[in-house]
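*Asks:* For the sequence shown, this note's numbering begins at 191 and goes up steadily by one. Just so it is clear, CB atoms sit at the ideal spot from N, CA and C, and this is done for glycine as well. On a predicted model such as this, the values are computed, not experimentally measured, just so you know.
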Amino acid sequence: MKFASLLCFALLLPQAWGTVSGQTVHGTVTDRTTGEPVGYANIWFNGTGRGTVADGHGIYSIDAGTVTPDHTLSFNCIGYDTCTVRLRDIPQDGTFDAFLAPVPQVIEEVTVVPVKTRLKRLGNNFRSPLMEAVHQDDLTGVEFGTIIKIKKRTWLEEVRINVLSCSYDDLAFRLNIYGRDETGRFVNILRQPIYASVPRTDDPTTVTINLADLHIVTDDDLIVAYQHISSSLTGQIRFPIGLTGARSCVRYNQGDAWEDTEWSFRFPISLIARVER
Numbered sequence: 191m192k193f194a195s196l197l198c199f200a201l202l203l204p205q206a207w208g209t210v211s212g213q214t215v216h217g218t219v220t221d222r223t224t225g226e227p228v229g230y231a232n233i234w235f236n237g238t239g240r241g242t243v244a245d246g247h248g249i250y251s252i253d254a255g256t257v258t259p260d261h262t263l264s265f266n267c268i269g270y271d272t273c274t275v276r277l278r279d280i281p282q283d284g285t286f287d288a289f290l291a292p293v294p295q296v297i298e299e300v301t302v303v304p305v306k307t308r309l310k311r312l313g314n315n316f317r318s319p320l321m322e323a324v325h326q327d328d329l330t331g332v333e334f335g336t337i338i339k340i341k342k343r344t345w346l347e348e349v350r351i352n353v354l355s356c357s358y359d360d361l362a363f364r365l366n367i368y369g370r371d372e373t374g375r376f377v378n379i380l381r382q383p384i385y386a387s388v389p390r391t392d393d394p395t396t397v398t399i400n401l402a403d404l405h406i407v408t409d410d411d412l413i414v415a416y417q418h419i420s421s422s423l424t425g426q427i428r429f430p431i432g433l434t435g436a437r438s439c440v441r442y443n444q445g446d447a448w449e450d451t452e453w454s455f456r457f458p459i460s461l462i463a464r465v466e467r
C-alpha cells in the first residue's frame, strides 16, 4: 500500500506568521479537484497533541496555543492525501485554506473461493452501568478504539457500540478501522468515511454499523475506533466499560500515537465477523 503526503502550497503574503502564542488558524478544507468542501477533515499540529475536526462544510478553526512558527499543520480525510503547511508560511491573520488531493481508487481483482466460516463476536460487549466512561464536552477529533486480535482470515460484517445514555441533541461520529501497513504502523484501511449518529436517549442503546457491503477481509489485527466529530456544545455521552476483555486505546488527534486508556479500561466496541474455520 502506498502512502503519500502533499505539502500544501501557500501564497506567501508580505506579512507571514510571526508570534504564534494565543492566535488561531482558520479557513476551509476543499477537494482540490472538484472544489467541494471536505467535511469533517482531521486537522492537527504535528508533535503537539493539539488538533480538531472541520465541520460538515469543511470550515475549521484551531487555537495555535504555544506552538512555534516552525511547527507544521496537517490536514487529512479518508480518500485524500495528507496536506501539510508550516506555520511560518501562513498569513499573519491566520487564514489558510487547505486543498486536498483525492487518492486514486485502485480496484483490486477479487477471486471468489468457497470457504467455510463461522460467525463470531470479537472485541467487547459491555452493557452494565456499574462502570462507565463519560465524554461531556465538544472536543472533536478524539478517538476511542478497541484492538481486535485476528488469528485467521476474517470477513467484517458489522460494528456495534454500546451506549448507556446520550444527552447531546446532535451527536455525530466517524467509524475508523485501522490495519497494519508494511512497516507495522496502524493506518486507516477504509476507502470512504463512515459516519453515524447517536440518538438523544436516557436508556441504553446499541449503535450498529453495517460493513458487509464494503467486503473488508483481513488476516491481521485491527483497531476499530469511535471518533467524536460533531455535537452540540452541551451534553454528554456515557459508555459502559470494563477492565477485562479486548484492550482499548485512545488518541486526541490524528497526529498522536495510540495510548492505553486511563486505568486500562476497555471500551464497548465489538465486531461481528465471519472467521475462517
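Give every residue of the same chain whose Cβ lies closer than 6 Å to the Cβ of N315, excluding the five residues on either side of it in the sequence, and list them in chain order.
*Replies:* Around N315: S460.
*Asks:* Using three-state DSSP, classify V210 as helix, strand or coil.
*Replies:* Residue placement at V210 cannot be trusted, given a pLDDT of 47 that sits under 50; what the coordinates show is reported in the next sentence. Coil at V210, not helix or strand.
*Asks:* Mind pulling the alpha helix (DSSP H) runs of 4 or more residues that sit fully within the segment 203-287?
*Replies:* Runs found: none.
*Asks:* Could you tell me which residues DSSP pairs with F429 in its beta bridges?
*Replies:* According to DSSP, F429 bridges with A323.
*Asks:* Using 8 Å for Cβ pairs, my map puts T307 next to W345. What's the rounded Cβ distance?
*Replies:* Contact holds; Cβ gap of about 7 Å.
*Asks:* So is G284 in contact with chain B if we call contact Cβ pairs under 8 Å?
*Replies:* Of the protein chains in the structure, only one exists, and it is not chain B.
*Asks:* DSSP state of W453, grouped into three classes?
*Replies:* Of the three classes helix, strand and coil, the one that applies to W453 here is helix, per DSSP.
*Asks:* Taking W471 as part of the beta strand (DSSP E), name the residues at either end of that continuous run.
*Replies:* The shown model of the chain, from 191 to 467, leaves out residue 471, and the question about it has no answer.
*Asks:* Report buried or exposed for N232, applying the criterion of at least 16 other Cβ atoms within 10 angstroms of its Cβ.
*Replies:* Buried is the call here.
*Asks:* Specify, as a first and last residue, the run of the beta strand (DSSP E) that G435 falls within.
*Replies:* No beta strand (DSSP E) holds G435; DSSP gives it neither H nor E.
*Asks:* Among the candidates T214, N400, R370 and A415, whose CA atom is the shortest distance from the CA of R437?
*Replies:* Considering only alpha carbons, the answer is A415.
*Asks:* Taking 8 Å as the cut-off, decide whether the C-beta atoms of F455 and T336 are in contact.
*Replies:* No, these two residues do not count as a Cβ contact at 8 Å.
*Asks:* For the beta strand (DSSP E) that contains K310, what are its first and last residues?
*Replies:* Per DSSP, K310 belongs to the beta strand (DSSP E) from T307 to G313.
*Asks:* Does the distance from the CB of V172 to the CB of L401 come in under 8 Å?
*Replies:* Absent from the structure is residue 172, since the part of the chain shown begins at 191 and ends at 467.
*Asks:* Helix, strand or coil: which one does DSSP assign to L404?
*Replies:* Three-state DSSP puts L404 in a helix.
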